[in-house]
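If you're matching them up, the sequences are chains A and B in order. Under this note's numbering, the first residue of the first sequence carries the number 1, and numbering increases by one thereafter. Under this note's numbering, the first residue of the second sequence carries the number 1001, and numbering increases by one thereafter. Backbone N, C-alpha and C fix where the C-beta goes; we use that ideal spot for every residue, glycine too. Worksheet for the structure shown next.
There are 2 protein chains.
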Amino acid sequence: MTAPDNASLYRSIADELKAAIRAGVYAPGARLPSESELADQYDASRGTIRQAFAALVADGVISSRRGARRTVLGGPRLQSFADLVSFSRWARSVGEEPSGRVARLEHRAATLVEAEQLALAEGANVYHLTRVRMLDGRPVMIERTAYPEPVGELVVGIDPSGSITERLEELGLIFADAEHTIDAVPATAEDARLLAVRSRAPLLRERRRTTDPSGVPLEWSEDRYLGQEVAFTVRNSVNRNALSRWHSGPEVS
Amino acid sequence: MTAPDNASLYRSIADELKAAIRAGVYAPGARLPSESELADQYDASRGTIRQAFAALVADGVISSRRGARRTVLGGPRLQSFADLVSFSRWARSVGEEPSGRVARLEHRAATLVEAEQLALAEGANVYHLTRVRMLDGRPVMIERTAYPEPVGELVVGIDPSGSITERLEELGLIFADAEHTIDAVPATAEDARLLAVRSRAPLLRERRRTTDPSGVPLEWSEDRYLGQEVAFTVRNSVNRNALSRWHSGPEVS
DNA sequence: TACATCTTCTTGTACAGCCAAGTTCAGCTC
DNA sequence: GAGCTGAACTTGGCTGTACAAGAAGATGTA
Chain A
1 MTAPDNASLY RSIADELKAA IRAGVYAPGA RLPSESELAD QYDASRGTIR
51 QAFAALVADG VISSRRGARR TVLGGPRLQS FADLVSFSRW ARSVGEEPSG
101 RVARLEHRAA TLVEAEQLAL AEGANVYHLT RVRMLDGRPV MIERTAYPEP
151 VGELVVGIDP SGSITERLEE LGLIFADAEH TIDAVPATAE DARLLAVRSR
201 APLLRERRRT TDPSGVPLEW SEDRYLGQEV AFTVRNSVNR NALSRWHSGP
251 EVS
Chain B
1001 MTAPDNASLY RSIADELKAA IRAGVYAPGA RLPSESELAD QYDASRGTIR
1051 QAFAALVADG VISSRRGARR TVLGGPRLQS FADLVSFSRW ARSVGEEPSG
1101 RVARLEHRAA TLVEAEQLAL AEGANVYHLT RVRMLDGRPV MIERTAYPEP
1151 VGELVVGIDP SGSITERLEE LGLIFADAEH TIDAVPATAE DARLLAVRSR
1201 APLLRERRRT TDPSGVPLEW SEDRYLGQEV AFTVRNSVNR NALSRWHSGP
1251 EVS
């Protein structure tokens, strides 16, 4: 489990601090060493230590205020971006066995929403994959993912019972940024059948667009989770807020 | 609407850049000026410009990679932390008229969850307020908030039809950090009555703990939104992830 | 035209130093 | 003991420098 030295000093320091926090060396509420102490300890400059701390703040692990020692925030263990993009990786990281069953795979013209989210011209084709995802054999999520053609052509060659995302990464794709929209919807007839729940049961819906480092969309997915079994957690603060709330008005349907 | 000069150079630069992005000077996908250009323009050092950009990255407004100019990310307009903590402020920022109706106000012993979330000793008292929140007169959310005693004593003196949070801020409280847990639940009988929906209708549940700058909990709230009308959006990336996903296992109830 | 190479530009990482502002704590006073 | 004062400590903000690594565009070649 030895963390890689991530090619930069401040990252390896940040990783060590994170590991120490996870291991309980610094409990929630505890005060961390000062910048100068760590600078001595790692033989680094104060600026480098500050970069390491900034990374921890960005992950919502610690809080920092002028004049006072930094303190550890409590709450759930943090997850990496990679764990959010791949259902399989996430499942393993929380100690469960992921699996998947393909419900449908289509190669067709993009819908309006898909074209917009994937930044495609009107009428462009997409690969659209519907899968039921399971934890320890029990269905917990329906995944409806649209891939633009260049990505989709890779996807069709991948075993869909495992992790498509991880395979795409091995093929050289880099998932770098994502935008998630989360709301609650009633299960449709198909949802109910696939997840083995009542029709109109509450589902947690996550719509997600993932892009590569240069901003090119790689996938647009609408995932529906069993409402009470899966939850998302976000941390934010005055200085650091990637969360927003939206009102769409009453639905017509 | 002239932004305050936030007392530090990098903040005012960040604010100007944000305003320019919002105003469309830099459209989504467009490339921003380089660090050296801005350093000349603002007569600041490169480090200060980098701090300003770091703030934009933290807000999920731009993306940044070594070697390439920074680019503007598309997507929804960003909101401030303040808009998330206060329903009233949020409503006004999205152009709707907020209101509230008190359903219940209690002063009682904390439940186990409340005591844990507010870091109170077992048996300590809390003030617990249940309100129905409305947009343009239509109910969209039920707010069930527990305040620790020092805060609650202020709350009872505040007109509950308006914004309690904003009033608390005027009284000197500082809401600095928050942790949000989002899932979907079926409406209980009480929920259904208060929101005028069917029982077991899907609701989006947000559980939120807000703390002051030193980490002292100020409130613990369980808010339930009409499922299809309100959504939360989160942006994250490989370097910056405050979002995580959790599995709680099948519910017994 | 298509491709490879090279130069230039831009951002990332790290160092050093300075002052300001806020916190903490010991010590003093009442 | 309670409260105030002030020194020491700690983080925030800013400047400057240097080099490395990646991206982008220009140039040259086949």
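Annotated three-state conformation of B/Ile1021 is helix, per DSSP.
The three-state reading of DSSP puts B/Leu1154 in helix, counting H, G and I together. Of the other Cβ atoms in all chains shown, 16 or more fall within 10 Å of the Cβ of A/Gln117; this residue is therefore buried. In the pairwise beta carbon analysis, the region 1208-1223 of chain B is classified as not touching the region 195-203 of chain A: fewer than three pairs are separated by under 8 angstroms. Interface criterion met: the Cβ of A/Arg240 is under 8 angstroms from a Cβ in chain B. Remark: C-beta atoms of A/Ser244 and B/Pro1076 approach each other more closely than 8 angstroms.
The C-beta distance from B/Glu1122 to A/His247 rounds to 39 angstroms, too long to meet the 8 angstroms contact threshold. Taking the Cβ atoms as the reference, A/Asn125 lies roughly 42 angstroms from B/Ala1178, outside the contact range of under 8 angstroms.
Secondary structure of B/Glu1170 (DSSP, three-state): helix. Non-local C-beta neighbours of A/Ser86 in its own chain, meaning closer than 6 angstroms and more than five positions away in sequence, comprise Ser163, Thr165 and Glu166, ordered along the chain. In the structure shown, B/Leu1204 falls within a strand segment according to DSSP collapsed to helix, strand and coil.
In the structure shown, the three-state DSSP call for B/Val1230 is strand. Proximity of chain A to B/Val1230 at the Cβ level (cut-off 8 angstroms) is accounted for by Asp183, Arg245, Trp246, His247 and Ser248, in chain order.
Under the 8 angstroms criterion on CB atoms, A/Leu17 is classed as non-interfacial with respect to chain B. Distance from the CA atom of B/Ser1161 to the CA atom of B/Leu1073, rounded to whole angstroms, is 38 angstroms. DSSP links A/Thr210 through a beta bridge to A/Ala178 and A/Glu219. Of all alpha-carbon atoms in B/Leu1129, B/Leu1084 and B/Pro1217, the one lying nearest the alpha-carbon of B/Asp1159 is that of B/Leu1129. Taking 8 angstroms as the CB threshold, A/Ala58 lines the interface with chain B.
Close partners of B/Val1151 in chain A (Cβ separation under 7 angstroms) are lacking, with about 18 angstroms as the shortest Cβ gap. DSSP, reduced to helix, strand and coil, places B/Tyr1042 within a helical segment of the structure shown. Residue pairing of B/Gly1100 in beta bridges, as defined by DSSP: B/Arg1133. Of the candidates A/Gln41, A/Glu37 and A/Leu32, A/Leu32 places its Cα closest to the Cα of A/Ala68. Between A/Pro139 and A/Ala201, the alpha-carbon positions lie close to 14 angstroms from each other. Here B/Val1156 is exposed. Its C-beta has fewer than 16 other C-beta atoms within 10 Å. Taking 8 angstroms as the cut-off, the beta carbon of B/Pro1098 is found no closer than this to the beta carbon of B/Arg1104.
Under the Cβ criterion of 8 angstroms, A/Leu118 is not counted among the residues facing chain B. When DSSP states are grouped into helix, strand and coil, B/Leu1243 belongs to the strand group.
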